[in-house]
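Asker:
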Amino acid sequence: MKISVVGTGYVGLVTATCFAEMGHDVIGVDIDHEKVQRLSRGESPLFEPGLEAMLKSNLSGGRLSFTTDLSVAVQNSLFCFVAVGTPKGEDGSADLNAVLAVARSIAEHMDGYRVIVVKSTVPVGTCDLVSREVSEALAHRPGPVDFDVVSNPEFLKEGAAVEDFLRPDRVIVGVSNPRVEELMRELYSPFVRNGHPVYFMDVRSSELTKYASNALLATKISFMNMISQICDKVGADVMSVRSGVGSDRRIGMPFLYAGVGYGGSCFPKDVKALIHTGTRLGVEMGLLREVEAVNDFQKLWVLKKLRDLIGPLSGKSIALWGGAFKPDTDDIREATSLTVLDGLIGEGARVSLYDPAAMPSLREIYGDSVCFGENPYSVLAGADVLVLLTEWRVFRNPDWRKIKSLMSGTLVLDGRNQYEPSELSRHGLSWHGVGRGCYTGNP
Ligand code: UDX
Numbered sequence: 004m005k006i007s008v009v010g011t012g013y014v015g016l017v018t019a020t021c022f023a024e025m026g027h028d029v030i031g032v033d034i035d036h037e038k039v040q041r042l043s044r045g046e047s048p049l050f051e052p053g054l055e056a057m058l059k060s061n062l063s064g065g066r067l068s069f070t071t072d073l074s075v076a077v078q079n080s081l082f083c084f085v086a087v088g089t090p091k092g093e094d095g096s097a098d099l100n101a102v103l104a105v106a107r108s109i110a111e112h113m114d115g116y117r118v119i120v121v122k123s124t125v126p127v128g129t130c131d132l133v134s135r136e137v138s139e140a141l142a143h144r145p146g147p148v149d150f151d152v153v154s155n156p157e158f159l160k161e162g163a164a165v166e167d168f169l170r171p172d173r174v175i176v177g178v179s180n181p182r183v184e185e186l187m188r189e190l191y192s193p194f195v196r197n198g199h200p201v202y203f204m205d206v207r208s209s210e211l212t213k214y215a216s217n218a219l220l221a222t223k224i225s226f227m228n229m230i231s232q233i234c235d236k237v238g239a240d241v242m243s244v245r246s247g248v249g250s251d252r253r254i255g256m257p258f259l260y261a262g263v264g265y266g267g268s269c270f271p272k273d274v275k276a277l278i279h280t281g282t283r284l285g286v287e288m289g290l291l292r293e294v295e296a297v298n299d300f301q302k303l304w305v306l307k308k309l310r311d312l313i314g315p316l317s318g319k320s321i322a323l324w325g326g327a328f329k330p331d332t333d334d335i336r337e338a339t340s341l342t343v344l345d346g347l348i349g350e351g352a353r354v355s356l357y358d359p360a361a362m363p364s365l366r367e368i369y370g371d372s373v374c375f376g377e378n379p380y381s382v383l384a385g386a387d388v389l390v391l392l393t394e395w396r397v398f399r400n401p402d403w404r405k406i407k408s409l410m411s412g413t414l415v416l417d418g419r420n421q422y423e424p425s426e427l428s429r430h431g432l433s434w435h436g437v438g439r440g441c442y443t444g445n446p
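Residue numbers for the sequence shown, in our numbering: 4 to 446.
Here it is, written out as C-alpha cells:
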C-alpha cells in the first residue's frame, strides 16, 4: 500500500522505515533539506539500534524514499501519516500548531480520497480539530474531496524502537467508520499475521489510550520511588519489595525499578499534558500531580545523598557514569543528569562524565564546565565519588580493583541499583543504592 509519513523525527522515521520493511511503499517527508539528503543517503540522524541498516536496505530496495516536497508525497499515497512533534506548550498542554499546519498542507495537495493518520501523541479531541482543519482547507474546492482522519498512537520506546514497532504488544487504531477501519485493517494485516493484536476503537478512546498508558507507567515508577524512600528509612530493600510486589500477575514486574527518576521526551510531557486535559475538564488530577512531584524529588536523590555523605560539594571531585535519560539512546531530554550537573556545577563541585552516546549534546550545554572522558575509567582519576546515572551495558561489570586504584575517595552512588554491595565492599569501596537501606554500604 502507498504511504507518506510527514515528520522524520523518532516516531516518523521509525514508522516510515518499518512500514517499508513490511513491504509497503513509503515516502518520508521533512522540511529540513539537509536531513532529507542525509536520509536519502541512508544515514540515520538517530542513535537507534537496527534502524540505519533497515533504512539502507529499504532505500536500495526502492520501497522507501525521502523528500521535502509534500505535494509529491500526498499525491502518491493513500495513507498520509502525521508524525510531527507536539512539544509542551507554556501552560503544560501539548502544542498542536505543527500537527494542524501539516493537516492543512496535506489537504491543499489532496487530489482525491486520503486517510490522514495522526501518529503524533495528541490530546483527546485533536483528530476532530484535524478534520475541521482539513474540511476548511478543502472548502474552496469546486467538487467534493473525501477523507478520513484516524488516530493511531505509537508506543515505541527509544533504544528499542524498531523492535517495538515491528513486534508490538498491540496496535491501537481509532476510527470513525467501517470504510476506513477496513483500510487500516489491510494496512496492518502483516502485524495480525505475525500474531500482534490490532485493537479498533473510537477515535477519542484511541487518543486517550496513549496518555493513559504513559501516565500509568510513570505512576508505577514514581510509586516504587516513593516506596524506595520508605525502604531507606526502615532498612528494607526495594529490590526485594519489587520482586514480591511484581510477581503478583495483576501488577507485573516491568517499570517497578526505583532509581533517579524518569526522564525522556514522553513521560514528563505526557503526564503534564494529561493533567492539563483533566484539569480543564474539571477532573481531579491530584494523583498525577503527585507522580510528577515524586519524580521531581527523586531527580534530586544524588545531590541530597552526596550532601548527606560528604557534606558541602564545593571543591569535591565527582565522576558521573551516564548522561542519557536511559541506556541505548543519545537523548538527554528531561534527563536526570541535567538536574545533577546543574546542582553540582552550581555548588562548585568539579565534575567529570562519561556516556557512550550523549556526550556531544551535553558538551553543547556545559562546554568546559564538565570534563568529558573517553571511556568509563578516564573520568575517575582523583574522584571523591563515582555516581551511576544511566545503566548502560558498559557500566554493568566494571573492574572495581581498577576503580579503587584510580579514585581518591571510596564512595559509589548507584542510582540504578546495578551493583552487588558485597562485591564493592570486598574491594574497599563504600556503596549506596536507591532504597536499599538494609545495606550499610560500608566496606
Ligand atoms: C516511553 C514509553 O515506554 C513508550 O511506550 C512511549 O511510546 C514513549 O515513552 P521511552 O521514553 O523511550 O518510552 O522510555 P522508557 O523505556 O519507557 O523509560 C522512560 C524513563 O523511565 C527512563 O528515564 C527510565 O530510566 C525510567 N524508568 C523506566 C525507571 O526509572 N524505572 C523503570 O522501572 C522503568
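No residue lacks a Cβ here, since even glycine has one placed at the ideal position from N, Cα and C.
#1: Sort Ile278, Tyr442, Val241 and Gly262 by Cα distance to Lys91 and report the nearest one.
#2: Unbroken beta strand (DSSP E) runs of length 3 or more, entirely within the segment 127 to 159: which are they?
#3: If you check the beta carbons only, do Glu312 and Ile321 fall under 9 Å apart?
#4: Using a Cβ-Cβ distance under 9 Å, would Ala360 count as near chain D?
#5: Decide if Ala215 is buried, meaning its Cβ has at least 16 other Cβ atoms within 10 Å, or exposed.
#6: Go through its chain and collect everything with a Cβ distance to Tyr202's Cβ below 8 Å, but skip five positions before and after it.
#7: Roughly how far, in whole angstroms, is the beta-carbon of Val133 from the beta-carbon of Val121, given that I think they are within contact range, below 8 Å?
#8: Taking 8 Å as the cut-off, does the segment 322 to 334 touch the segment 286 to 304 (at least 3 CB pairs, one atom from each stretch)?
#9: Taking the beta strand (DSSP E) that Leu416 falls in, what are its first and last residues?
#10: Do you know offhand how far Gly64's Cα is from Glu161's?
#11: Can you tell me where the alpha helix (DSSP H) holding Ile34 begins and where it ends?
#12: Thinking C-beta only, is Ala86 closer than 9 Å to Gly12?
#13: Helix, strand or coil, according to DSSP, for Tyr422 in the structure here?
#14: For Asn100, count neighbouring Cβ atoms within 10 angstroms of its own Cβ and tell me buried if that reaches 16, exposed if not.
#15: If you scan the segment 165 to 228 from start to end, which runs of the beta strand (DSSP E) of 3 or more residues do you find wholly inside it?
#16: I want to check one thing, is the minimum distance from the CB of Ala384 to the heavy atoms of ligand 1 below 8 Å?
#17: Can you tell which of Lys275, Val118, Leu190 and Arg245 has the C-alpha that lies nearest to the C-alpha of Glu24?
#18: Apart from the five residues just before and just after Leu220, which ones in its own chain have a Cβ nearer than 6 Å to its Cβ?
#19: Report the three-state DSSP secondary structure of Ser7 (helix, strand or coil).
#20: Tell me the rounded alpha-carbon separation between Leu141 and Arg182.
#21: Rank Ser428, Ser43, Val102 and Asn197 by C-alpha distance to the C-alpha of Glu154 and give the top, closest one.
#22: Starting from Ile119, trace the alpha helix (DSSP H) both ways and give me its first and last residue.
#23: Given a threshold of 16 other Cβ atoms within 10 Å of its Cβ, counted over all protein chains shown, does Ile119 qualify as buried or as exposed?
#24: Under 8 Å from any heavy atom of ligand 1, does the C-beta of Glu136 make it?
#25: Based on the DSSP secondary-structure assignment, which residues constitute the bridge partners of Trp324?
#26: Where does Phe84 sit, in a helix, a strand or coil, going by DSSP?
#27: Could you give the DSSP three-state label for Leu365: helix, strand or coil?
#28: Thinking C-alpha only, which one of Ala19, His435, Phe150 and Glu55 is nearest Leu81?
#29: What is the chain-ordered set of residues for which the beta carbon lies under 5 Å from any non-hydrogen atom of ligand 1?
#30: When the Cα atoms are used, what is the spatial distance from Leu291 to Val237?
#31: Ignore the nearest five residues each way along the sequence and tell me which others in Gly264's own chain have a CB closer than 6 Å to its CB.
#32: Go ahead and label Asp33 buried or exposed: buried means 16 or more other beta carbons lie within 10 angstroms of its beta carbon, across all protein chains shown.
#33: Can you tell me whether Gly2 is helix, strand or coil according to DSSP?
#34: Give the C-beta separation of Ala276 and Ser96 to the nearest angstrom, bearing in mind that I take them to be a contact with Cβ-Cβ under 8 Å.
#35: Name the two residues that bound the continuous beta strand (DSSP E) containing Leu67.
#36: Between Thr124 and Glu166, is the Cβ-Cβ spacing less than 9 Å?
Answerer: Here's the rundown:
#1: Ile278
#2: 150 to 154
#3: According to the sequence shown, residue 312 is Leu rather than Glu. No, they are not a contact pair.
#4: Going by chain labels, chain D is absent from the structure shown, which holds only one protein chain.
#5: exposed
#6: Arg173, Val174, Ile175 and Val176
#7: 6 Å
#8: no
#9: Looking at the DSSP string, the run of the beta strand (DSSP E) that includes Leu416 is Leu414 to Asp417.
#10: 26 Å
#11: Looking at the DSSP string, Ile34 is not in any alpha helix (DSSP H), and its letter there is neither H nor E.
#12: yes
#13: coil
#14: exposed
#15: 174 to 177 and 201 to 204
#16: no
#17: Leu190
#18: Phe258
#19: strand
#20: In a straight line, the C-alpha of Leu141 is about 21 Å away from that of Arg182.
#21: The residue you asked about is not Glu; residue 154 is Ser in the sequence shown. Ranking the options by Cα distance to Ser154, first place goes to Val102.
#22: Unbroken run through Ile119 is the beta strand (DSSP E), Arg117 to Val121; no alpha helix (DSSP H).
#23: buried
#24: Not a single heavy atom of ligand 1 lies less than 8 Å from the C-beta of Glu136.
#25: Tyr357 and Leu391
#26: strand
#27: helix
#28: Phe150
#29: The set, ordered by position in the chain, is Phe158, Lys160, Glu161, Ile224, Phe258, Tyr260, Gly262, Tyr265, Gly266, Gly267, Cys269, Phe328 and Lys329.
#30: 26 Å
#31: Asn298, Gln301, Lys302 and Thr339
#32: buried
#33: Residue 2 lies beyond the range of the chain shown here (4 to 446); nothing can be said about it.
#34: Right, their Cβ atoms sit about 6 Å apart.
#35: Run containing Leu67: Leu67 to Thr70, per the beta strand (DSSP E) assignment.
#36: No; because the gap between Cβ atoms is not below 9 Å, this pair is not in contact.
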